[in-house]
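Asker:
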Amino acid sequence: MRQQGFSLIELLMGLAIAAIVLPWAGTGYKELIESIEREDTAQLLLSGLRSARSEAIMRNRRVLIHGIDNDWGKGWRITLDNKEKTLLKERSASARVIGNQTVKRRVRFGSHGAALHANGSFQAGTLHVCAKRGPVSHHQVILAPSGRVRLESIKAEQALCEKGLKAASGRATPSASRT
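Numbered continuously in UniProt numbering, the sequence shown closes out at residue 179.
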């Protein structure tokens with residue numbers, strides 16, 4: 001008579017191998033998910049900036065896109081410059097996004113699609129989609145003074161991403177010391 005199924009030793013060996021392999025697979029899976037979230041955030045931000053520019057041209061008015069609570073990582077809102085109407089709101093808490101000084105909080109598009117400061121001078125800058133636990137920028141959304149926006153996906157250390165980590169760890173430290 002043939003035996004069907006597994007013996008106890010075969011079952012225990014299978015469980016031991018699974019216990020050894022699963023932590024590696026879990027780490028790789030987590031890194032894959034974070035990579036997809038960064039890519040998705042970069043694409044959504046690129047699309048949001050392009051939508052804001054298109055609205056400015058279409059409405060022949062200034063349009064503003066700004067980070068929610070001055071934080072691009074929380075999402076962004078597209079409004080008419082006088083803030084009378086929100087045109088689009090996008091929430092994104094999946095990746096850290098940090099802009100250089102000129103695009104740190106907002107981007108304003110003029111009626112002809114050019115990126116402008118409040119005083120009317122041309123605005124240009126880079127928004128970095130950063131790693132959650134490192135000073136590395138994986139994707140850069142680059143704004144030209146003409147208002148054109150492009151995406152570069154170059155993994156590079158970025159001082160702005162490091163500043164964002166220090167700020168995040170500074171907020172986390174007081175709560176950790178209370179416990």
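All C-beta atoms, glycine included, are put in the ideal place defined by N, C-alpha and C.
For A25, is the classification buried or exposed, using 16 other Cβ atoms within 10 angstroms of its Cβ as the cut-off for buried?
Answerer: exposed
Asker: Drop a sphere of 10 angstroms on the beta-carbon of D6, count the other beta-carbons inside from all chains shown, and report buried for 16 or more, exposed for fewer.
Answerer: Rather than Asp, the amino acid found at residue 6 in this sequence is Phe. Around the CB of F6, fewer than 16 other CB atoms lie within 10 Å, so the residue is classed as exposed.
Asker: Can you tell me the Cα-Cα spacing of L160 and V129, whole angstroms?
Answerer: 10 angstroms
Asker: Does the region 20-35 come close enough to the region 63-80 to have 3 or more Cβ pairs within less than 8 angstroms?
Answerer: Two segments are said to touch when three or more pairs of C-beta atoms, one from each, lie closer than 8 angstroms; by this definition the region 20-35 does not touch the region 63-80.
Asker: Just list the beta strand (DSSP E) runs in the UniProt domain "General secretion pathway GspH" (41-147), keeping only unbroken ones of 3 residues or longer that don't cross its boundaries, in chain order.
Answerer: 63-68, 71-80, 86-91, 96-99, 106-109, 125-130, 136-143
Asker: Pull up the distance between the alpha-carbon of R53 and that of A131, whole angstroms please.
Answerer: 27 angstroms
Asker: Could you tell me the alpha carbon to alpha carbon distance between V97 and R108, rounded to whole angstroms?
Answerer: 18 angstroms
Asker: Tell me which same chain residues have a C-beta within less than 8 angstroms of the C-beta of H145, skipping the five on either side of it?
Answerer: Per the sequence presented here, residue 145 reads as Pro, with His not at that position. Hits under 8 angstroms: A114, A115, F122, Q123, A124.
Asker: If you run the structure through DSSP and keep just helix, strand and coil, what is R150?
Answerer: strand
Asker: By Cβ distance below 7 angstroms, which residues in the same chain neighbour I20 in space, the five residues on each side in sequence not counted?
Answerer: none
Asker: Please classify I65 as buried or exposed, where buried requires at least 16 neighbouring CB atoms within 10 angstroms.
Answerer: buried
Asker: Beta carbon of G73, beta carbon of A95: below 8 angstroms?
Answerer: yes
Asker: So, at 8 angstroms on beta carbons, what are the nonlocal neighbours of V149 in its own chain, with the 5 sequence-adjacent residues on each side left out?
Answerer: L46, L49, R50, R53, V141, I142, L143
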